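To start, the structure itself, in structure tokens.
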Amino acid sequence: MPVKNSKIVTEGDPLAWVMAPPPNESEEQRQARIAAEAEAKRISDAIDEELQRQAKAQKRGPKPVKILLLGQSESGKSTTLKNFQLLNTPKAFRAERASWRAVVHLNVVRSIRVILDAMAEAQAYHASTYSSPNTPIRTHAPDLFHAASGSSLARDARAQHPPLTAEHLKLKLRLSPLLQVEEALIRKLTPVGSGEVEATQRTSGTGSHADRARALDREIAVNSQFAWKGVFHRMMGRNSSDGEEFNDPDDPGHVLHACAEDMITLWNDPTIKALLRAQGIRIEDMPGFFLDSIARVTHPKYIPTDDDILRARLKTLGVSEHRFTIKEGFTGGISRDLRIYDVGGHRSLAAAWAPFFDDMNAILFLAPLSGFDQVLAEDESVNRLEDSVLLWKSICSNPLLGKTNLILFLNKIDIFRAKLEAGIQFGQYIISYGNRPNDYDNTSAYMRRKFGQIHREYSPQARTFYCHFTSVTDTKSTSTVLLDIQESIIYQNFKSVSLTG
Ligand SMILES: Nc1nc2c(ncn2[C@@H]2O[C@H](COP(=O)(O)OP(=O)(O)O)[C@@H](O)[C@H]2O)c(=O)[nH]1
Ligand SMILES: [Mg+2]
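The sequence shown begins at 2 in the numbering used here and counts up by one.
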């Protein structure tokens, strides 16, 4: 405690005696002493401040561990984030279940719309060949699901459109209310003023190719800052998490429920299946595929399962940060902050990634192998897998990221496998592969080598290549990989802290 009045010497207080100024102090000495005391106080205060700061920092825990998710649109970034949530905060993840119900419904309606549009195209084709057999077949391909160089194949196949019966057309008519449901759901997800959205209003629907391409290419996108989950929570009954019926009369789920049987009939119809095949459309590989579970997901008491939430597709725009606290044995019981950054949007938003680059502990890069026979929705001249390779190259070679751990997920291997098994030729799209065997083992190993080579050649300095074959819609296998990643990143962080002192 500073001595307030140094002239008073208290008997029996040795400290006061030591601190007391000498009895015959000159003015000069007094000034020097006061200056020395002031300096001592300044130092003491500074130490106190530092101790307080350290105590606060200790309360906050050590520096957070940051992981950035990167990859082209639809590569599986948001799905990976959902896996992190399921792994670290399962209760919070499940509390949001009911909100995902509307997204699943939107996905169902979208798939049905793809079928209805394919039917419209078949009708238009038959009408035109009937009235004028020489009318050339229009081949504008909504190439989301078409072969990159397969337009001519698709054209030949389209000439074999199976004709639709009156029964089909009746089904089509009965399902038309679903289109209004889609609009209602989109309106709820993107209310006026919810910020930047890329709303997919259905075009007036003349059934033209241009309309169809527009409708297929443009997808509803929600700004990551918009609390869309709250919108759907309000629609539920009080006990909805226990399977209580959704009690809002405006709930679009009612129309879906009423249309369920017709949707099932349509999806299982052999002519419709042949029609989709002829047009080169594989709905089962599209994001948000639920047509094999229509009865379940349109049930009035339906609450999405973990798997459903992982399969549900909702495109987000903007960057969102998600925080978790990890308490694991391997951290010695200390809790660590984990922050995951999900970057939504198209390639054009890649510039928005830059500010998040330099202080990341790791970048988790997703490259969906299944995209080998697809082109980008935003640029039909670019093959999706090739785009992933180029993006990977730019991340590897970025000098700002020279010291960042890069973890590669060669994703969507389930769809990749299914495509190879369906006879789609890898070498037809990835020319350098040539005519090597069209099986999973050879093709996947080839791509792993390709990505690894780029990593080796373009990294500013040598670093380890971490690569996993994943299907991030599979929670079980993904959780093992993510746990491993979390642990090793945290461990590395500890290592670097202890090395620097
Ligand atoms: N079958 C399958 N679907 C996947 C896989 N990864 C993601 N998806 C689906 O692909 C769609 C797009 O994924 P999303 O995470 O939204 O991609 P993002 O645009 O990168 O955030 C979603 O419907 C996912 O359920 C996968 O490994 N297998
Ligand atoms: Mg996303």
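Here a beta-carbon is modelled for each residue, glycine too, at the ideal position from N, C-alpha and C. Because the structure is a prediction, the values reported are computed rather than measured.
Figure out for me which residue from the options has the closest Cα to the Cα of residue i.
i	options	result
L1	F358, D374, N269, I187	Here the chain covers residues 2 to 502 and nothing more, so residue 1 does not appear.
N436	Y467, S445, Q426	Q426
T266	I295, P250, A279, G254	I295
I1	G77, L71, C397, E50	There is no way to answer for residue 1, as the model of the chain reaches only from 2 to 502.
I327	I44, P65, A41, A37	P65
V115	P24, T481, R283	R283
D442	V256, R418, G72	R418
W393	G254, E168, F466, L276	F466
L190	K173, D249, R175, A222	A222
C468	I455, W268, D118	I455
T317	L257, A463, S336, Q73	Q73
L409	G403, C397, G372	C397
G254	K477, Q181, L367	Q181
Q86	D307, D380, Y434	D307
W268	L172, R337, P250	L172
G345	K274, L367, V383, L483	L367
A463	G403, Y430, S478	G403
L377	D293, E50, E75, K57	E75
Y430	L69, L71, N384	N384
P369	D309, L71, S489	L71
L170	E122, E379, I187, E28	E122
S395	I491, R43, E458, L179	E458
F358	L69, S478, R43, V390	L69
E168	L179, L88, D49, I273	I273
Taking 6 Å as the cut-off, is the CB of residue i close to at least one heavy atom of ligand 2?
i	result
T81	no
G345	yes
K1	No answer is possible for residue 1: the residues shown for the chain start at 2 and end at 502.
T317	yes
For residue i, I'd like the list of residues in its chain whose CB is within less than 6 Å of its CB, leaving aside the five on either flank, ordered along the chain.
i	result
S242	Legend: pLDDT at S242 = 48, less than 50; position of this residue unreliable, value from coordinates given subsequently. Once the five neighbours on either side are set aside, S242 has no close Cβ partner at all.
A446	none
H286	Inspection of the sequence shows that residue 286 is occupied by Asp rather than by His. Cβ neighbours of D286 beyond the five flanking positions: I416.
Y126	H162
Below 7 Å CB to CB, which residues in the same chain sit around residue i once its five sequence neighbours on both sides are set aside?
i	result
T474	T80, L311, R312
V104	A313, L315
Q487	I327, L339
P400	P461
With hydrogens ignored, establish whether the beta-carbon of residue i is closer than 6 Å to any heavy atom of ligand 1.
i	result
T474	yes
N412	yes
I416	yes
G424	no
P288	yes
E505	Within the shown structure, residues of the chain are numbered from 2 to 502, placing residue 505 beyond reach of any answer.
R111	no
R98	no
R515	Residue coverage of the chain in this structure runs from 2 to 502, which leaves residue 515 outside it and unanswerable.
S74	yes
Please classify residue i as buried or exposed, where buried requires at least 16 neighbouring CB atoms within 10 angstroms.
i	result
L52	exposed
T444	buried
P461	exposed
D388	buried
P305	buried
P271	exposed
D440	exposed
S499	At S499 the pLDDT is 38, less than 50, meaning the model places this residue with poor confidence; the figure from the coordinates comes in the next sentence. Exposed, by the Cβ-count rule.
S472	buried
R102	buried
K83	buried
S45	exposed
E183	buried
T481	exposed
G453	exposed
S433	exposed
L483	buried
A99	buried
S371	buried
P288	buried
G281	buried
For residue i, collect the residues of the same chain with a Cβ closer than 8 Å to its Cβ; drop the 5 residues on either side in sequence, then sort them by chain order.
i	result
R34	P22, E26
Q493	N362, N406
F290	N108, S112, I284, R312
D263	L172, R175, L176
Is any beta-carbon of chain D found at less than 7 Å from that of residue i?
i	result
I310	The structure shown contains no chain D; it is built from a single protein chain.
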